[in-house]
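Q: Below you will find the structure I want to go over with you.
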Amino acid sequence: MSTALTFLELTPPSRTVRVEFDGQPLDLPLGANLAAALMVAGVHTLRKTPVSGAPRGAFCMMGACFDCLVDIDGVTRQACMQQVTEGLVIRRTKTAGQNDAS
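In terms of the numbering used here, the sequence shown opens at residue 34 and continues consecutively.
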């Protein structure tokens, strides 16, 4: 199975902004789709399922599947339905039974 990145930037972004993802700074293209920008930046797991703990990331990219749920500035949102704006604080969502080491 290929592990090659399937989402690549075709042209350099005109402007990037700093966001925080799980405590780490990332520079993402301003106005880009958040889920896509995170994938390009190397973030593939956005949350874990509550029952099995299986990793989930962006899947449908149109807001139908809810696999890309993240906590943005304290509110759970779908990353595929958000645009990158300066200063976002993004965290993987916590599900019942998870602790900070998950």
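Backbone N, C-alpha and C define an ideal beta-carbon position, used for all residues, glycine too.
Take every Cβ of the stretch 64 to 71, pair it with every Cβ of the stretch 94 to 111, and state whether three or more of those distances are shorter than 8 Å.
A: With a cut-off of 8 Å, the stretch 94 to 111 and the stretch 64 to 71 count as touching, because enough Cβ pairs lie within range.
Q: What span of residues does the alpha helix (DSSP H) with VAL73 cover, start to end?
A: Counting from one through the sequence shown, the residue named residue 73 turns up at place 40. Counting along the chain, the alpha helix (DSSP H) containing VAL73 begins and ends at 67 to 73.
Q: Is the beta carbon of ALA112 less than 8 Å from the beta carbon of LEU79?
A: For the purposes of this step, residue 112 is identified with residue 79 of the sequence shown, where counting begins at 1. For the purposes of this step, residue 79 is identified with residue 46 of the sequence shown, where counting begins at 1. Yes, the pair counts as a contact, with Cβ atoms nearer than the cut-off.
Q: Among ALA74, LEU63, LEU102, MET72, which residue has its Cα nearest to the Cα of THR82?
A: Position 49 of the sequence shown, counting from 1, holds the residue named residue 82. Ranking the options by Cα distance to THR82, first place goes to LEU102.
Q: Rounded to whole angstroms, what's the CA-CA distance from GLY130 to GLY75? Just pull it up for me.
A: Against the sequence shown, residue 130 aligns to sequence position 97. Against the sequence shown, residue 75 aligns to sequence position 42. For GLY130, the predicted structure reports a pLDDT of 47, less than 50, and the residue's modelled location is therefore unreliable. The matter cannot be settled from this model.
Q: Kindly indicate the opening and closing residues of the beta strand (DSSP E) around MET58.
A: Against the sequence shown, residue 58 aligns to sequence position 25. Reading off the sequence shown, one finds Pro at residue 58, where the question assumed Met. Where PRO58 is concerned, the enclosing beta strand (DSSP E) stretches over 57 to 62.
Q: Evaluate LYS51 with the Cβ neighbour count: other Cβ atoms within 10 Å of its Cβ, from every protein chain shown; 16 or more gives buried, anything less gives exposed.
A: Within the sequence shown, residue 51 is the residue found at index 18, counting from 1. For the sequence presented, residue 51 should be read as Arg rather than Lys. It is exposed - the Cβ of ARG51 has fewer than 16 other Cβ atoms within 10 Å.
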